[in-house]
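J.: Next up is a structure, given as structure tokens.
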Amino acid sequence: MAQAICEVVEQGTSLVVEAGTGVGKTFAYLVPVLLSGRRALISTATQALQDQLSVRDIPAVAAALGVRVRATVLKGRASYVCLHRLHQARWNGAAGHLSDPAHHAALAQIQAWAEGSRVGDLAELPGLDERSPIRPWISSTRDNCLGSACPRVGDCHVNRARAEALSADLVVVNHHLFFADQLVRESGVAELLPRAEVVVFDEAHQLPDIGVEFLALAVGSGRLRDLARDLATQGPHWARGLRPWSHLALGLEQAIRQISQLTGRAKAPAARRAWQDGSPEGLPPASWRVCQAAVSAALLAVVEALAATAEAAQALARLHDRTRQLLQDWQRLCGDAAATEAGVRWMEFGADSGARASAGPAWRLLLAPPDCASLFRALLGEAQAAGHGWIFTSATLGHDAGLSWFTERMGLDAQPGLRTLQVESPFDHAQQAALYVPHDLPEPGGPAHTWAVAQAVARWASRLGGRTLVLTTTLRAAAQMAEQLARLVQEGGCAPLDVLAQGALSKRELLARFRAAGKGAARPAVLVACASFWEGVDLAGDVLQLLVIDKLPFPPPDDPLIAARARALGAAGRSVFNACYLPQAAMALKQGAGRLIRSERDTGVLIITDRRLLTRSYGNRLLQALPPMRRLVDETELELALDALVLTRASTTDRPGA
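For the sequence shown, this note's numbering gives the first residue as -10, with consecutive numbering after it.
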């Protein structure tokens, strides 16, 4: 892999490389990049991976090679403390919104830290969770930043980080920042990109979905609530008494809540709801029109109030421009013309750190292109014309030699000079892992399957002593599975186990508790999760020895983006199932299975409780996506395998120096 990347760097071409777990892909691209001495940009999937690269990997490789490199991390605005907004939050307006006394104490502690921090990265504050309601008050966005008019512009951590990035040899960003900058050209990445002679996308399998999200026109409860928050503080600060600022902010909050309540009552459970006609799927058209008009009216009232006072301060002028843009975006999204635009329109739901629990679910309206292929075709064309090397790498990019699952979605399959490479994992999966597919469980899709799997998991985890991760395909299934397991534990239907359920704690806290249980510091545990736990979770050692996947991860056919891809493939005369649904399921299954074996010493069992792997014609194709593990044919062989894991663990623990 390193040799192939070296050739790409020297020749200024492009490479897509799938590197199985354990290859050491980070070192495989860092070694040739650092040895080349060329300016480089590395984009990762998450801020956690950014920090790992900058704190651990880059210094280690540079020291081993004996090379000196000026490396820095560049994150989005929201990752840095804004000294001006922090001061305002403490003294000029947050008191009425952050009512918990602990919030005021936290603001004082953050102030003391911020004045002495060189970087101002909020990740330096271990107690400040990303979901904290304090974060929006102490960081800036492109919308509310005052720019050169800010009284603390000379101390701005965002500007300082960008200046360091422009002078560095190697800059580490994340995919979200990369795409956001391609859209608005605001963070500095667009200025960095032409200078970078080498660009590396790590965890590249996430690029297609993140790209669509960031190329979308989007308005949601979070963006509107940010406006209401700033209106309630900036209005009285700069133009007290000239307009009823609190009343205007409350009107906007009420309009947001009205939509949240409507979506909370809707029957459709999907996280994304298609929107092709008068209202998003599952929402009554008449009620939706009332809610839609309420948001328009609230925004229009704010625009009029700010237009009359904008000359009082630069902050109000920027707030006026921002509100006008929001109103324009809202009207475009809700207008009839949006349904006929060349894109996909939908409504989606998620967490909103700035909202009180009573505010209802967070929501967003989006209008996006079906993929980000045109963007990357253009960027890669520019890079090749300049002789710059681009590398895309991940553990899961395709099931064929051309890695078509990734290259087709990214528009790279027809790119001249593109090379693809698959590097298998060095782990001996046949010795280290076993696969079991029960044939006697009900087919997925009903409560009988969930209950049967819960009973089986309780039995297996009891025999193993915890160390079990259950991956489900939906949050609803995870909640039901955790509930059933907790009931079995409570009723004495299995050994005492801690059932850790996604949503009960933050992801970091759940993983910390699971690791502690696996090291014997707490009661044996079973972790039940979905979504983000299918990837990016590293539980090396005997902390995790049993991985259960409840059913095959086919994408939901009613997902608007999946449906759009399916229509395009069907129109091109291709099999929608074979070209869309099956490859997507294979990649997700491969990602999930990759949680089990994370080092050459790991051992464990993967159980997929979906008998369609055995009974349907596509089962073999999905099995081929998995590492080559030995197969267990029945429950007796499974019990022997679990017992062997317990015995091996015990002998390792008893070994001197263990």
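Where is the CB? At the ideal position from N, CA and C, for every residue including glycine.
If you're wondering where the values come from, they're calculated on a predicted model, not measured in any experiment.
Short of 8 Å in beta carbon distance, which residues of its chain neighbour Leu558, apart from the five on each side in sequence? Order them along the chain.
T.: Position 569 of the sequence shown, counting from 1, holds the residue named residue 558. Cβ-Cβ distances below 8 Å link Leu558 to Ser564, Val565, Ala568, Cys569 in the same chain, with the five nearest sequence neighbours on each side left out; the list follows chain order.
J.: Following the continuous alpha helix (DSSP H) through Ala52, name the residue where it begins and the one where it ends.
T.: Here the question's residue 52 lines up with position 63 in the sequence shown. Residues 47 to 54.
J.: Helix, strand or coil for Met576 per DSSP?
T.: Here residue 576 refers to the residue found at position 587 when the sequence shown is read from its first residue. Three-state result, Met576: helix.
J.: Applying the criterion that 16 or more other CB atoms from any shown protein chain within 10 Å of the CB defines a buried residue, is His146 buried or exposed?
T.: The residue given as residue 146 occupies position 157 in the sequence shown. Buried, by the Cβ-count rule.
J.: Indicate whether the contact test is met: 3 or more Cβ pairs, each with one atom in the stretch 441 to 456 and one in the stretch 503 to 522, closer than 8 Å.
T.: yes
J.: Looking at C-beta atoms only, is the number of pairs between the stretch 228 to 235 and the stretch 377 to 385 that lie closer than 8 Å three or more?
T.: no
J.: To the nearest angstrom, how far is it from the Cα of Glu7 to the Cα of Thr33?
T.: The residue given as residue 7 occupies position 18 in the sequence shown. The residue given as residue 33 occupies position 44 in the sequence shown. Taking the straight line joining both Cα atoms gives about 15 Å.
J.: What three-state label does DSSP hand Ile(-6) in the structure shown?
T.: Looking up residue -6 in the sequence shown gives position 5. Correct three-state label for Ile(-6): helix.
J.: Apart from the five residues just before and just after Ala443, which ones in its own chain have a Cβ nearer than 6 Å to its Cβ?
T.: Reading the sequence shown from its first residue, position 454 is the one you call residue 443. Only residues of its own chain outside the window of five on either side were considered, and among them Met470, Gln473, Leu474 have a CB closer than 6 Å to the CB of Ala443, listed in chain order.
J.: For Trp126 and Ala94, which I take to be in contact (beta-carbon distance under 8 Å), what is that distance rounded to the nearest angstrom?
T.: One-based indexing of the sequence shown puts residue 126 at position 137. One-based indexing of the sequence shown puts residue 94 at position 105. Not quite, the Cβ-Cβ distance comes to about 14 Å (not below 8 Å), so this is no contact.
J.: Please determine, among Ala193, Gly109, Pro115, the residue with the shortest C-alpha to C-alpha distance to Thr35.
T.: Walking along the sequence shown from the start, residue 35 turns up at place 46. Among Ala193, Gly109, Pro115, the Cα nearest to that of Thr35 belongs to Ala193.
J.: Between the C-alpha atoms of Gln303 and Ala297, what's the straight-line distance to the nearest angstrom?
T.: In the sequence shown, the residue the question calls residue 303 occupies position 314. In the sequence shown, the residue the question calls residue 297 occupies position 308. Distance between the alpha carbons of Gln303 and Ala297: 13 Å.
J.: Counting only runs that start and end within the stretch 52 to 127, where is the alpha helix (DSSP H) found for 4 or more residues in a row?
T.: 72 to 80, 90 to 105, 124 to 127
J.: Buried or exposed, going by whether 16 or more other CB atoms sit within 10 Å of the CB of Asp599?
T.: By 1-based counting over the sequence shown, the position of residue 599 is 610. Label assigned to Asp599: buried.
J.: Quick one: Cα of Ala(-9) to Cα of Gly9, how far?
T.: Sequence index remark: in the sequence shown, residue -9 carries index 2 (1-based). Sequence index remark: in the sequence shown, residue 9 carries index 20 (1-based). C-alpha of Ala(-9) to C-alpha of Gly9: approximately 14 Å in a straight line.
J.: Assuming Phe522 and Gln479 are in contact, meaning their beta carbons sit under 8 Å apart, how far apart are those beta carbons, in whole angstroms?
T.: Your numbering for residue 522 matches position 533 in the sequence shown. Your numbering for residue 479 matches position 490 in the sequence shown. Not confirmed; about 24 Å, so no contact.
J.: Please determine, among Val333, Gly525, Leu535, Thr604, the residue with the shortest C-alpha to C-alpha distance to Gln580.
T.: Here residue 580 is taken as the residue at index 591 of the sequence shown, counted from 1. Among Val333, Gly525, Leu535, Thr604, the Cα nearest to that of Gln580 is on Gly525.
J.: So does the stretch 412 to 421 actually touch the stretch 434 to 441, counting three or more Cβ pairs closer than 8 Å?
T.: no
J.: Could you tell me which residues DSSP puts in a beta bridge with Asn163?
T.: Position 174 of the sequence shown holds residue 163. Thr33, per the DSSP bridge assignment.
J.: Hey, how far is the Cα of Leu536 from the Cα of Val594?
T.: Translated into the one-based positions of the sequence shown, residue 536 becomes position 547. Translated into the one-based positions of the sequence shown, residue 594 becomes position 605. Cα-Cα distance, rounded: 6 Å.
J.: Take the Cβ of Trp264 as the centre, count every other Cβ of all protein chains shown within 10 Å, and call the residue buried at 16 or more, exposed below.
T.: Counted from its first residue, the sequence shown places residue 264 at position 275. Burial call: buried.
J.: Which same chain residues end up closer than 7 Å to Gly200 when comparing Cβ atoms and leaving out the 5 residues on each side of it in sequence?
T.: As a working mapping, residue 200 is identified with position 211 in the sequence shown. Phe168, Cys361, Leu364, listed in sequence order.
J.: Could you tell me the alpha carbon to alpha carbon distance between Gln223 and Cys134, rounded to whole angstroms?
T.: Here the question's residue 223 lines up with position 234 in the sequence shown. Here the question's residue 134 lines up with position 145 in the sequence shown. Approximately 12 Å between the Cα atoms of the pair.
J.: What residue does the beta strand (DSSP E) around Phe16 start on, and which one ends it?
T.: Counting from 1 along the sequence shown, the entry for residue 16 is found at position 27. Careful: Phe16 lies outside any beta strand (DSSP E), inside the alpha helix (DSSP H) at 14 to 25.
J.: Can you give the beta carbon distance from Leu241 to Ile31, rounded, assuming they're within the 8 Å contact cut?
T.: Taking the sequence shown and counting its residues from 1, the one referred to as residue 241 is at position 252. Taking the sequence shown and counting its residues from 1, the one referred to as residue 31 is at position 42. With a beta-carbon spacing of about 40 Å, Leu241 and Ile31 fall beyond the 8 Å limit used to define contacts.
J.: Does the Cβ-Cβ distance between Asp170 and Ala179 come in under 8 Å?
T.: Numbered from its first residue, the sequence shown carries residue 170 at position 181. Numbered from its first residue, the sequence shown carries residue 179 at position 190. Taking 8 Å as the Cβ cut-off, Asp170 and Ala179 qualify as a contacting pair.
J.: Can you give, in chain order, each stretch of the beta strand (DSSP E) that sits fully within the stretch 245 to 293 and has at least 3 residues?
T.: At a cut-off of 3 residues, the continuous stretches assigned as beta strand (DSSP E) that sit fully inside the stretch 245 to 293 are 261 to 263.
J.: Rounded to whole angstroms, what is the Cα-Cα separation between Arg307 and Pro572?
T.: Translated into positions along the sequence shown, residue 307 becomes position 318. Translated into positions along the sequence shown, residue 572 becomes position 583. Approximately 46 Å between the Cα atoms of the pair.
J.: With DSSP run on the structure shown, which of helix, strand or coil describes Val622?
T.: For the purposes of this step, residue 622 is taken as the residue at position 633 of the sequence shown. The answer is coil: DSSP assigns Val622 none of H, G, I, E or B.
J.: Using the Cα positions of Ser347 and Arg321, report the straight-line distance between them to the nearest angstrom.
T.: To locate residue 347, count along the sequence shown from 1; it is residue 358. To locate residue 321, count along the sequence shown from 1; it is residue 332. Its pLDDT being 47, under 50, Ser347 is placed unreliably in this model, and the value from its coordinates should be taken loosely. If I take the Cα positions, the gap works out to 29 Å.
J.: Tell me whether Leu305 sits in a helix, a strand or coil according to DSSP, three-state version.
T.: Indexing the sequence shown from 1 puts residue 305 at position 316. Leu305: helix per DSSP, three-state reduction.
J.: Just tell me which of Ile(-6), Gln41, Leu272, Ser3 has its CA closest to the CA of Val20.
T.: In the sequence shown, the residue the question calls residue 20 occupies position 31. For the residues Ile(-6), Gln41, Leu272, Ser3, the minimum Cα distance to Val20 belongs to Ile(-6).
J.: Suppose contacts are defined by Cβ-Cβ distances below 8 Å. Is Gly562 in contact with Ala351 by that definition?
T.: As a first step, residue 562 must be located in the sequence shown, where it is residue number 573. As a first step, residue 351 must be located in the sequence shown, where it is residue number 362. The answer is no: Cβ separation not under 8 Å.
J.: In whole angstroms, what is the alpha-carbon distance linking Lys14 and Gln281?
T.: Taking the first residue of the sequence shown as position 1, residue 14 is located at position 25. Taking the first residue of the sequence shown as position 1, residue 281 is located at position 292. Looking at the two C-alpha atoms, the distance is approximately 48 Å.
J.: If we count the other Cβ atoms within 10 Å of its Cβ and call it buried at 16 or more, is Gln404 buried or exposed?
T.: By 1-based counting over the sequence shown, the position of residue 404 is 415. Counting Cβ neighbours within 10 Å, Gln404 comes out buried, since at least 16 surround it.
J.: Quick check on this structure: which residue in Ile99, Leu612, Ala560 has the alpha carbon closest to the alpha carbon of Ala577?
T.: One-based indexing of the sequence shown puts residue 577 at position 588. Answer by Cα proximity: Leu612.
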